[in-house]
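Report on one structure; see the data block that follows.
Numbering (the numbering used here), first residue to last: 27 to 268.
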């Protein structure tokens, strides 16, 4: 797969899945703009991308739970590119604990604001740049928590609420942007092994039916979906859990 000439924006790329996907996109030739809540984490990932593959990358700070920060981030992206070919909404706060009384009000608000409101606002403010692309994709990393009646996670109910909102947003946006040729792809992975693409085990990790889902497979799904011809609109990926 070749992403040369394509510009990708990936939120929540300071660590984990966002970082892994950003590094892999760089290896495939994409220009990558990454965000993280802290500027140092964003810059570090961008530097890793360039050192690893030579790809053009830049890290920008963005607290996606803050509407003003999202607007500023979108303006900074617009100052650097005339289009966005792929937007990956990966950033979201996780909140653990099955008890609704667990966690304070501020943590609950931040969880919903980052996962739900942040995804909506990032997409809203980058939509003009997505429309400027001839082949735009929006990828939302939701979670199996966003599946209806999936009660297997020990996540806080606020996290369930945020992911359910992300799922609903993905569904309606896919239908409404389909006439414009913009694809909206949602992924619903359960917990998975968050491997490091710069680590020694990335290419040799066991990926049998007896193994836990891997970051390699999750990012493979993203790259597969955005690599399809434009007549192929893959709306979602669901994963059978062990």
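We put the CB at the ideal spot given by N, CA and C, even for glycine.
Query                                                                                                                        : Result
Those residues which DSSP pairs with residue 264 across a bridge                                                             : 214
Simplified DSSP state of residue 83, which is helix, strand or coil                                                          : strand
Sequence-distant residues of the same chain with beta carbon closer than 7 Å to residue 52, five excluded per side           : 58, 75, 78, 79, 81 and 83
Beta-carbon gap between residue 148 and residue 115 smaller than 8 Å                                                         : yes
Residues of its chain near residue 214, where Cβ-Cβ distance is below 7 Å and the 5 sequence neighbours each way are ignored : 168, 169, 170, 172, 173, 262, 263, 264 and 265
Span of the alpha helix (DSSP H), counted from its first residue to its last, around residue 94                              : 93–106
Closest by C-alpha distance to residue 137, when choosing among 222, 152 and 92                                              : 92
Proximal residues to residue 160 (C-beta, below 7 Å), its chain only, five neighbours per side dropped                       : none
Beta-carbon proximity list for residue 128, same chain, < 7 Å, skipping 5 on both sides                                      : 182
Paired residues, beta bridge with residue 61 - DSSP                                                                          : 86
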